[in-house]
Amino acid sequence: MTNPELISFDSLLENGRSLLESQIIEAQTPEPGRLDLVIGPSDLPQAVQTLVDNHWGYLAAITGLDRPESSEVEALYHFCSGPAVLTLRVRVPYAEPALPTICGVIPSATLYEREFMEMFGVQVTGTPDPQRLFLPDDWPEGVYPLRKSFNPQEKVPQVKPKANGDNAGRYIVPIGPQHPALKEPGHFEFTVNGEIVTGASVRLGYVHRGIEKACEERTWTQAMYLLERVCGICSNSHAYAYVLGVEKLAQVEAPERAQAIRELVAGLERIHSHLLWLGVAAHEAGFDTLFMYSWRDRETVMDLLERLTGNRVNYSANLIGGVKFDVDDEQRRTILAGLDYLEERCRHYLDVVSTDAAFLQRTRGVGTMTREQAELLGVVGPTARASGVDRDIRVEAPYGSYRRFPVSIVIEHAGDLEAKFVVRVKEMLVSISTLRALLDNLPPGELVARVPRRIPAGETISRVEAPRGELFYFIKSSGGDKPERVKVRTPSICNFGSVIHTAVGHQFADMPMLLAGIDPCFSCNDRMIVVRKK
Amino acid sequence: METRINSPWNRLMDQMKAWARINSPWAIHFNSGSCNGCDIEILATLTPRYDLERFGVKLQGSPRHSDVLICTGPVTRQARERLLRIYEQMPEPKFVVAVGSCGLSGGAFQGCYNVIGSIDEVIPVDAYIPGCPPRPEAIIDGVVKLLSSLKPGAAGAQPASNGKGMA
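Line by line, the protein sequences are chains A and B. Under numbering that gives the first Met the number 0, the first residue of the first sequence carries the number 0, and numbering increases by one thereafter. Under numbering that gives the first Met the number 0, the first residue of the second sequence carries the number 0, and numbering increases by one thereafter.
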């Protein structure tokens with residue numbers, strides 16, 4: 000593995016710029032590590048093709064920006080390569096709202112394109128599936144929630160939903176939105192031939208609440224509490240990514256001690272999230288004993304988090320500019336003792352998931368995703384690392400105190416469900432040893448830095464490694480006391496495509512396990528997806 | 000409204016049904032737009048530390064076999080129809096427990112364009128458990144209070160659905 004510290008993002012960005020030299024209309028560097036290139040809409044597919052052909056990073060997100068002052072919508076295609084982010088900016092006027100698709104080059108972009116279409120009212124011509132992605136079935140045509148002209152306080156009329164497409168001649172098993180195998184609502188349709196799945200589609204959006212729009216109506220501090228509630232499992236990661244971005248905009252840096260405490264909470268959150276996942280995934284495999292054991296041990300982490308933050312779930316640990324609480328000596332000792340117990344248990348679980356014969360029949364060789372597939376589908380987090388892709392923001396682009404208290408990356412190469420179990424359990428062990436080092440060397444100092452109420456105008460990107468993978472925030476300020484735009488790209492949306500892809504050819508009974516394998520988080524998605532294969 | 004014959008046999012049957020209902024309620028869980036916070040706490044109540052099963056509560060996958068609907072989250076536009084359908088599929092008498100601030104009032108998501116509001120704007124609710132999210136102890140307390148209210152003669156022995164039309 001290459002040491003990210005040795006890669007200069009300047010040379011990466013310079014390389015990206017030289018690849019696209021002929022198409023650039025305008026180039027800007029909004030902050031270190033970023034390069035924004037304005038290109039014409041018709042050049043977009045060619046530019047993306049050039050980047051992909053030269054293996055320049057992966058498509059992390061498509062952000063839309065409404066610019067009513069110049070009557071246009073701007074689309075931002077963010078490509079990430081290690082610590083560097085290259086953004087292709089394309090402007091489309093209201094009068095002629097159309098963009099060419101890039102799905103011919105990057106198939107997984109279909110989700111991002113469809114989200115962009117319905118939220119901003121821009122037609123992406125040639126996109127394989129132009130169906131609604133995010134909004135409810137009874138949402139009227141021509142109402143675009145993320146346009147500035149849309150007022151969320153006004154009641155949006157309900158229209159009669161369109162009928163589903165023609166499914167004649169296919170045998171479809173619907174699952175959800177309420178189903179014993181689903182802990183959250185989602186709707187899946189599996190086309191089957193006997194016991195073998197031949198096609199799959201997913202429709203989310205049952206928990207779409209419209210948080211991105213709501214952030215534009217709240218102050219910088221209020222938005223943090225809302226974003227913490229994007230997802231109750233990785234609530235700290237959302238607040239973490241948001242405060243990092245806002246601090247960058249305000250040119251404030253949280254004190255060292257605060258950064259270390261953030262890493263401490265993030266590490267404990269990862270352990271709780273992975274133990275939660277281990278239990279739920281074991282339950283899907285019919286291994287309820289493991290479910291009960293791992294949830295019993297998870298209570299140890301919950302106790303530590305509660306002792307530290309006062310809350311079991313939405314920790315509210317972060318402030319813009321710092322953290323809310325300190326760690327005293329007694330808490331430190333309690334956490335260290337808890338970590339000792341958890342380490343012993345994690346070693347036991349590692350043994351269970353890699354040796355239990357009955358369990359291995361459900362996981363070994365099931366749902367295999369090769370490294371090439373993982374890279375093509377743009378998966379992130381433990382799902383990617385189980386397929387041998389070394390993608391971990393904490394290592395590639397260390398933020399906060401991850402430079403001072405680094406984590407080592409855990410990689411497995413098999414790509415099957417067993418590898419996904421092993422990666423997550425090993426990650427807990429890595430987190431435990433990092434947290435020990437952190438608690439032994441907790442830097443002294445203040446907890447909060449002073450931050451102005453109005454955040455200076457600007458745009459920023461912050462990326463955080465959540466338990467499920469890379470969490471990507473794009474934040475724009477216009478200099479006021481409220482954000483102009485907050486774009487959230489959660490890890491689950493990157494990983495969903497991979498389930499649909501790997502489902503084909505598997506036994507129908509393996510579907511709950513395959514789904515559980517990516518640790519899907521429906522509320523994180525905050526959006527709806529329909530992917531059709533076949 | 001069914002007519003009740005106040006015979007000794009019927010009284011005995013009612014007592015037996017109430018006894019069975021209080022001691023082994025089957026619960027179904029539906030998330031109509033929650034952030035997961037309440038859902039993981041509900042799941043935590045079923046696992047060894049809190050162990051809701053000691054009250055005879057069993058989580059059940061099918062609405063047709065369930066007595067209690069445990070609901071989390073504000074109701075989104077897309078989930079509304081499904082929440083109604085699940086409620087309608089449950090046999091009478093049925094009880095609804097709304098868990099979490101969002102389920103009670105819309106919580107942090109009030110005013111979001113895709114959120115209709117609290118659960119009791121869509122279906123009748125019998126027990127409200129506040130918190131963001133409520134602690135497992137609070138959820139257990141809510142369920143136990145609901146169960147003890149079902150004892151014959153206790154206030155609230157009738158479900159909120161009785162005599163009310165659907166919202």
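A virtual CB, placed ideally from N, CA and C, is assigned to each residue, including glycine. Predicted model, so just to flag it, every value in this text is computed and none were measured.
Starting from residue i, trace the beta strand (DSSP E) both ways and give me its first and last residue.
{"i": "Glu25 (chain A)", "result": "Glu25 to Gln27"}
{"i": "Tyr127 (chain B)", "result": "Ala126 to Ile128"}
{"i": "Ser461 (chain A)", "result": "Gly457 to Ala465"}
{"i": "Pro260 (chain A)", "result": "According to the sequence shown, residue 260 (chain A) is Ile rather than Pro. Not the beta strand (DSSP E): Ile260 (chain A) falls in the alpha helix (DSSP H), residues Glu255 to Glu283."}
{"i": "Ser430 (chain A)", "result": "Looking at the DSSP string, Ser430 (chain A) is not in any beta strand (DSSP E); the run it does join, the alpha helix (DSSP H), is Leu416 to Asp439."}
{"i": "Asp65 (chain A)", "result": "Tyr57 to Arg66"}
{"i": "Thr197 (chain A)", "result": "Ile195 to Arg202"}
The alpha helix (DSSP H) spanning residue i covers which residue range?
{"i": "Cys493 (chain A)", "result": "Pro490 to Ala502"}
{"i": "Lys247 (chain A)", "result": "Ser234 to Ala249"}
{"i": "Gln122 (chain A)", "result": "Where Gln122 (chain A) is concerned, there is no enclosing alpha helix (DSSP H), although the beta strand (DSSP E) it sits in stretches over Gln122 to Thr124."}
{"i": "Leu145 (chain A)", "result": "Segment: none, Leu145 (chain A) is in no alpha helix (DSSP H) and carries neither H nor E."}
{"i": "Phe286 (chain A)", "result": "No alpha helix (DSSP H) contains Phe286 (chain A), which DSSP labels as neither H nor E."}
{"i": "Val394 (chain A)", "result": "Ile392 to Glu395"}
{"i": "Asp52 (chain A)", "result": "Leu43 to Asp52"}
{"i": "Leu103 (chain B)", "result": "Ser100 to Ser104"}
Residue i to residue j, Cα distance in whole Å?
{"i": "Gly198 (chain A)", "j": "Tyr205 (chain A)", "result": "22 Å"}
{"i": "Cys79 (chain A)", "j": "Ile460 (chain A)", "result": "11 Å"}
{"i": "Glu535 (chain A)", "j": "Glu255 (chain A)", "result": "Residue 535 (chain A) cannot be examined here, being either before or after the span of chain A that is shown, 0 to 533."}
{"i": "His237 (chain A)", "j": "Pro381 (chain A)", "result": "18 Å"}
{"i": "Tyr502 (chain A)", "j": "Ala515 (chain A)", "result": "Here residue 502 (chain A) turns out to be Ala, not Tyr, going by the sequence shown. About 12 Å."}
{"i": "Cys214 (chain A)", "j": "Ser272 (chain A)", "result": "26 Å"}
{"i": "Val406 (chain A)", "j": "Leu307 (chain A)", "result": "22 Å"}
{"i": "Gly141 (chain B)", "j": "Ser400 (chain A)", "result": "42 Å"}
{"i": "Phe119 (chain A)", "j": "Ile24 (chain A)", "result": "23 Å"}
{"i": "Asn113 (chain B)", "j": "Ile128 (chain B)", "result": "23 Å"}
{"i": "Leu50 (chain A)", "j": "Gly387 (chain A)", "result": "22 Å"}
{"i": "Ile21 (chain B)", "j": "Val201 (chain A)", "result": "38 Å"}
{"i": "Met223 (chain A)", "j": "Gln360 (chain A)", "result": "44 Å"}
{"i": "Glu120 (chain B)", "j": "Leu349 (chain A)", "result": "47 Å"}
{"i": "Leu304 (chain A)", "j": "Arg311 (chain A)", "result": "6 Å"}
{"i": "Tyr93 (chain A)", "j": "Lys93 (chain B)", "result": "52 Å"}
{"i": "Asp137 (chain A)", "j": "Pro7 (chain B)", "result": "52 Å"}
With H, G and I counted as helix, E and B as strand and the rest as coil, what does DSSP make of residue i?
{"i": "Trp25 (chain B)", "result": "strand"}
{"i": "His186 (chain A)", "result": "strand"}
{"i": "Gly321 (chain A)", "result": "strand"}
{"i": "Pro62 (chain B)", "result": "helix"}
{"i": "Tyr348 (chain A)", "result": "helix"}
{"i": "Tyr76 (chain A)", "result": "strand"}
{"i": "Cys102 (chain A)", "result": "coil"}
{"i": "Glu483 (chain A)", "result": "strand"}
{"i": "Asn35 (chain B)", "result": "coil"}
{"i": "Lys154 (chain A)", "result": "coil"}
{"i": "Ile139 (chain B)", "result": "helix"}
{"i": "Gly309 (chain A)", "result": "coil"}
{"i": "Phe8 (chain A)", "result": "helix"}
{"i": "Gly116 (chain B)", "result": "strand"}
{"i": "Glu469 (chain A)", "result": "strand"}
{"i": "Lys93 (chain B)", "result": "coil"}
{"i": "Thr44 (chain B)", "result": "helix"}
{"i": "Leu335 (chain A)", "result": "helix"}
{"i": "Ala94 (chain A)", "result": "coil"}
Along chain C, which residues have their Cβ under 9 Å away from the Cβ of residue i?
{"i": "Asp136 (chain A)", "result": "No chain C appears in this structure, whose protein chains are A and B."}
Please classify residue i as buried or exposed, where buried requires at least 16 other C-beta atoms within 10 Å of its C-beta.
{"i": "Gly15 (chain A)", "result": "buried"}
{"i": "Asp518 (chain A)", "result": "buried"}
{"i": "Leu434 (chain A)", "result": "buried"}
{"i": "Trp18 (chain B)", "result": "exposed"}
{"i": "Ala357 (chain A)", "result": "exposed"}
{"i": "Leu11 (chain B)", "result": "exposed"}
{"i": "Ser476 (chain A)", "result": "buried"}
{"i": "Pro90 (chain B)", "result": "exposed"}
{"i": "Gln77 (chain B)", "result": "buried"}
{"i": "Tyr76 (chain A)", "result": "buried"}
{"i": "Gly479 (chain A)", "result": "exposed"}
ask   = Between the region 303 to 319 of chain A and the region 67 to 76 of chain B, do three or more beta carbon pairs fall short of 8 Å?
value = no
request  = Could you tell me whether the region 484 to 492 of chain A touches the region 50 to 62 of chain A, where touching means 3 or more Cβ pairs closer than 8 Å?
outcome  = yes
query = Okay, do the region 78 to 86 of chain B and the region 141 to 150 of chain A touch, 3+ Cβ pairs below 8 Å being the bar?
reply = no
query = So, do the region 130 to 147 of chain B and the region 95 to 107 of chain B have three or more beta carbon pairs nearer to each other than 8 Å?
reply = yes
query = Does the region 257 to 267 of chain A come within contact of the region 401 to 420 of chain A, defined as at least 3 CB pairs closer than 8 Å?
reply = yes
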